[in-house]
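Structure first, then comments.
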Amino acid sequence: MSGADISCRDVRLNRGGQKFSFDFTLASGSVAALMGPSGSGKSTLLDLIAGFETPGSGAILIGGRDVARDAPARRPVSMVFQENNLFGHLDVFANVALGRSPSLKLDERGRADVGAAIERVGLGGKEKRPPATLSGGERQRVALARVLVRDRPVLLLDEPFAALGPALRADMIALVRELSAERGMTVLMATHHPDDAERIADTMLYLEAGTIAASGPVSMFFGPDMPEAFRRYVGSE
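As structure tokens, then:
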């Protein structure tokens, strides 16, 4: 699998009286951080790409195809949320297997792929454990294993490690970076932590008041040419 480029072309949405406007392109295989104050539109942008929101106008292209009116299941996208969306009545193996088969009907190849994904995220031997017995970091590893068996070219992450401590968050960031390099996925991760953005991303999109106020290489945001809007945000945080 390889990644897919993502383009939002004059995408506009009015939700609850707040107006959002997005226009940008991410190259296939790139890893981008999405930052901005609460309410700036980070989750809204991810929801638009994933299909949980439909724009009022504009095009959302993934791999050159406009998916703006496609249902989420038809989009070549996987998404990991802060809550990790695991099912408490299912063990680790079954939670991961849902990424391959919602009915949990797997052939031999499917079971092997699920087992390999669990091993890859460092949870070998915990296949039969229910989510309630896992730590927060382990639960997010289950969610990442499910991404691997889905095998989609785009990965969206909506502050998935926000509740973790700094050391564990750094470990998870490193794991996502490794997985994206191995699979060639295009990754867009929303975060409130500048150090996470600096660790994981090549590109930054900074949002303010429902639109992209600044974008460019991560090195620009953490160097002498730091955009003024981002400087204000970092200072206020």
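Numbering of the sequence shown is given in numbering that gives the first Met the number 0, commencing with residue 0 and proceeding in unit increments. Every residue, glycine too, gets a C-beta built ideally from N, C-alpha and C.
>> Cutting at 6 angstroms between CB atoms, please list the residues of its own chain near Gln81, excluding the five before and the five after it.
In response: Translated into positions along the sequence shown, residue 81 becomes position 82. Taken in chain order, the residues that qualify are Glu158, Pro159 and Ala161.
> Val153 and Val76: beta carbons closer than 8 angstroms?
Replying inline: Translated into the one-based positions of the sequence shown, residue 153 becomes position 154. Translated into the one-based positions of the sequence shown, residue 76 becomes position 77. Closer than 8 angstroms, so yes.
> So, Phe23 versus Ile211, is the Cβ gap smaller than 8 angstroms?
Replying inline: Along the sequence shown, read from residue 1 onward, the residue named residue 23 stands at position 24. Along the sequence shown, read from residue 1 onward, the residue named residue 211 stands at position 212. In contact: Phe23 and Ile211 (Cβ atoms closer than 8 angstroms).
> Hey, how far is the Cα of Ile5 from the Cα of Asp112?
Replying inline: Position 6 of the sequence shown holds residue 5. Position 113 of the sequence shown holds residue 112. Their Cα atoms are separated by approximately 27 angstroms.
> By the 10 Å Cβ neighbour count, where 16 or more other Cβ atoms means buried, how is Pro54 classified, buried or exposed?
Replying inline: Residue numbering aside, residue 54 sits at position 55 when the sequence shown is read from its first letter. It counts as buried.
> Alpha carbon to alpha carbon, how far is Gly114 from Arg138?
Replying inline: By one-based count along the sequence shown, residue 114 stands at place 115. By one-based count along the sequence shown, residue 138 stands at place 139. Straight-line Cα distance between these residues: approximately 16 angstroms.
>> Just to confirm the assignment, what range does the alpha helix (DSSP H) spanning Ser218 have?
In response: Residue numbering aside, residue 218 sits at position 219 when the sequence shown is read from its first letter. Run containing Ser218: Val217 to Phe220, per the alpha helix (DSSP H) assignment.
> Once you ignore the five residues that flank Ser39 on each side, which residues in its own chain have a CB closer than 6 angstroms to its CB?
Replying inline: Taking the first residue of the sequence shown as position 1, residue 39 is located at position 40. So the list reads Leu206 and Glu207, once near-sequence residues are dropped.
> What residues match up with Gln17 in a beta bridge as DSSP calls it?
Replying inline: Position 18 of the sequence shown holds residue 17. According to DSSP, Gln17 bridges with Arg14.
>> When you compare the CB positions of Leu155 and Met78, do they come within less than 8 angstroms of one another, or not?
In response: What you label residue 155 is simply residue 156 of the sequence shown in a count that begins at 1. What you label residue 78 is simply residue 79 of the sequence shown in a count that begins at 1. In contact: Leu155 and Met78 (Cβ atoms closer than 8 angstroms).
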